[in-house]
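Read the structure below first, then the notes.
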Amino acid sequence: MQRPRNPYSSAEIDRASQERENDERMIELASSGVARFVPIDTERNLISKASGNPEAVFLQGMMARAVASTAEHHIFLGYVEGTPYFAVDVSGKETPLGELGEFVDLRQVGALLFAREGSILAYARGMTYWHRRHRFCGVCGSPTKVIRAGHVRVCTNESCKTEHFPRTDPAVIMLVHHGDKCLLGRGKQFPRGMHSTLAGFVEPGESFEDAVAREVYEEVKARVHNVTYRSSQPWPFPASVMIGFHAEAESLEIEVNQDELASARWMSREELRPENLPKDGSFFMPRRDSIARRLIEEWLGHEAGPSIAG
Ligand SMILES: [Zn+2]
Numbered sequence: 017m018q019r020p021r022n023p024y025s026s027a028e029i030d031r032a033s034q035e036r037e038n039d040e041r042m043i044e045l046a047s048s049g050v051a052r053f054v055p056i057d058t059e060r061n062l063i064s065k066a067s068g069n070p071e072a073v074f075l076q077g078m079m080a081r082a083v084a085s086t087a088e089h090h091i092f093l094g095y096v097e098g099t100p101y102f103a104v105d106v107s108g109k110e111t112p113l114g115e116l117g118e119f120v121d122l123r124q125v126g127a128l129l130f131a132r133e134g135s136i137l138a139y140a141r142g143m144t145y146w147h148r149r150h151r152f153c154g155v156c157g158s159p160t161k162v163i164r165a166g167h168v169r170v171c172t173n174e175s176c177k178t179e180h181f182p183r184t185d186p187a188v189i190m191l192v193h194h195g196d197k198c199l200l201g202r203g204k205q206f207p208r209g210m211h212s213t214l215a216g217f218v219e220p221g222e223s224f225e226d227a228v229a230r231e232v233y234e235e236v237k238a239r240v241h242n243v244t245y246r247s248s249q250p251w252p253f254p255a256s257v258m259i260g261f262h263a264e265a266e267s268l269e270i271e272v273n274q275d276e277l278a279s280a281r282w283m284s285r286e287e288l289r290p291e292n293l294p295k296d297g298s299f300f301m302p303r304r305d306s307i308a309r310r311l312i313e314e315w316l317g318h319e320a321g322p323s324i325a326g
């Protein structure tokens with residue numbers, strides 16, 4: 017049985033990476049009239065709520081040409097069912113897009129969108145975020161320019177010419193368990209009542225398994241083994257991919273590092289049954305479109321998770 021994908025993954029997008037090399041082909045596609053453009057304004061995506069449910073707004077035809085002409089470059093995202101998609105950064109530009117919808121943070125509406133729309137918007141957002149932060153070469157400080165349909169920036173200094181590639185920061189996220197209990201923690205910035213899995217960035221020179229063990233030890237001083245990969249999720253908020261694991265703690269002994277976490281507690285499967293959870297807002301699980309939620313649901317025995325978009 018094929019396991020469901022996590023929200024924001026790109027399985028339905030054909031990135032057609034070989035076509036990025038062909039500048040003429042890219043110009044032809046972008047001006048073809050069938051291309052769809054995904055506008056991004058300072059990391060926010062254009063969403064229409066005209067039908068009641070939030071829907072992604074993709075620009076086509078005249079509107080696409082008008083908006084695309086205001087941008088310095090377009091980013092070729094690939095094809096979805098044969099239709100080419102491009103991202104275009106309209107930050108700070110005067111556009112008529114306000115008539116079509118509202119620019120919002122994708123995380124506010126992501127769980128309500130069709131999975132494929134969410135994937136395209138997340139990809140576009142991740143790409144424009146990277147461009148906005150890599151205008152200059154990290155090696156020599158000269159300006160960079162866009163090549164390969166927006167998938168590379170190259171240093172304009174002739175004696176440097178370093179190529180820079182879109183950056184994705186790997187982070188491990190792990191549900192720690194022991195016997196019939198799992199460990200849920202509260203980050204210092206979490207909304208009141210939210211409890212989630214532990215997580216942290218992978219450091220240079222670490223395997224994912226190393227990072228899981230180190231993060232768990234740093235946060236709650238517990239040793240883990242049987243670190244088992246479950247699934248991953250692109251999380252371009254702003255620039256991560258989450259690599260999800262289950263990890264078995266050697267005991268129930270923990271010591272919460274107050275510099276890293278507000279609190280952490282062991283919860284049994286029984287305690288996590290919906291009917292047993294407190295109703296006063298003092299405990300709730302992570303958002304439905306997150307891999308954290310899926311890691312918990314899977315451990316509870318809901319293999320696919322009841323709420324994972326397919
Ligand atoms: Zn340079």
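Our numbering applies: residue 17 is where the sequence shown begins, and numbers increase by one. No residue lacks a Cβ here, since even glycine has one placed at the ideal position from N, Cα and C. None of these values were measured; they are calculated from a predicted model.
Original post:
Does ligand 1 have a heavy atom nearer than 7 Å to the CB of V155?
Top reply: yes
Original post:
Do N173 and ligand 1 come close, with the Cβ less than 7 Å from some heavy atom?
Top reply: yes
Original post:
Do A72 and N61 have their C-beta atoms closer together than 8 Å?
Top reply: yes
Original post:
So I136 packs on Y95, CB below 8 Å; how close in whole Å?
Top reply: The Cβ separation is near 11 Å, so there is no contact.
Original post:
Just the Cα atoms here: how many angstroms apart are P250 and L122?
Top reply: 13 Å
Original post:
Going by beta carbon distance, what residues of the same chain come within less than 7 Å of N69, once the five residues before and after it are set aside?
Top reply: L128
**OP:** Report the three-state DSSP secondary structure of G142 (helix, strand or coil).
**Re:** helix
**OP:** Please confirm whether D105 and A131 have their CB atoms less than 8 Å apart.
**Re:** no
**OP:** Starting from the C-beta of E109, find all residues in its chain whose C-beta is less than 7 Å away, skip the five residues before and the five after it, and write them out in chain order.
**Re:** Going by the sequence as given, residue 109 is Lys instead of Glu. Contacts found: T86.
Original post:
Excluding five sequence neighbours on each side, which residues of the same chain lie with their C-beta closer than 7 Å to the C-beta of E276?
Top reply: E234 and E235
**OP:** Could you work out which residue in L288, K177, P252 and V272 is closest to G142 when comparing CA atoms only?
**Re:** P252
**OP:** Starting from the C-beta of G126, find all residues in its chain whose C-beta is less than 6 Å away, skip the five residues before and the five after it, and write them out in chain order.
**Re:** G134 and D305
**OP:** Identify which residue in R246, V162, H262 and M190 has its Cα closest to the Cα of R36.
**Re:** V162
Original post:
When the Cβ atoms of the segment 184 to 198 are set against those of the segment 268 to 286, are three or more pairs found closer than 8 Å?
Top reply: yes
Subject >> Contacts around L288, its chain only, beta-carbon distance under 7 Å, and the 5 residues preceding and following it disregarded >> reply: L316
Original post:
What's the call for M301, buried or exposed, on a 16-neighbour Cβ count within 10 Å?
Top reply: buried
Original post:
P322 by DSSP, collapsed to three states: which one?
Top reply: Reliability of the predicted coordinates at P322 is poor, the pLDDT of 41 falling under 50, and the value obtained from them is presented with this limitation in mind. Note: P322 maps to coil in three-state DSSP.
**OP:** Assuming G77 contacts G49 (C-beta within less than 8 Å), just tell me the rounded distance between them.
**Re:** 6 Å
Original post:
Taking the C-alpha atoms as reference points, what is the distance between A32 and M79?
Top reply: 25 Å
Original post:
In whole angstroms, what is the alpha-carbon distance linking R310 and A187?
Top reply: 16 Å
Original post:
Given A278, which residues of its chain have a CB within under 6 Å of its CB, disregarding the five upstream and five downstream residues?
Top reply: R202 and K204
Original post:
What do you get for T144, buried or exposed, if any count of 16 or more other CB atoms within 10 angstroms of its CB means buried?
Top reply: buried
**OP:** With DSSP as the reference, please indicate the residues paired to W315 in a beta bridge.
**Re:** Per DSSP, none; premise fails for W315.
Original post:
Apart from the five residues just before and just after R303, which ones in its own chain have a Cβ nearer than 7 Å to its Cβ?
Top reply: A127 and R309
Subject >> V192 beta carbon less than 8 Å from that of V218 >> reply: no
Original post:
What do you get for V155, buried or exposed, if any count of 16 or more other CB atoms within 10 angstroms of its CB means buried?
Top reply: exposed
Original post:
Is any heavy atom in ligand 1 found nearer than 7 Å to the beta carbon of C176?
Top reply: yes
**OP:** Grab me the residues of A138's own chain with a C-beta within less than 7 Å of its C-beta, minus the 5 sequence neighbours each way, in chain order.
**Re:** Y24, L122, P250 and P252
Subject >> Rounded C-alpha distance that separates D327 from E291 >> reply: The requested residue 327 is not part of the displayed model; the chain covers only 17 to 326.
Subject >> Through-space distance from V83 to N38, alpha-carbon basis >> reply: 23 Å
**OP:** Could you have a look at A278 and say whether DSSP puts it in helix, strand or coil?
**Re:** coil
Subject >> Coil, strand or helix - S212 by DSSP >> reply: strand
Original post:
Does the Cβ of S256 lie closer than 7 Å to at least one heavy atom of ligand 1?
Top reply: no
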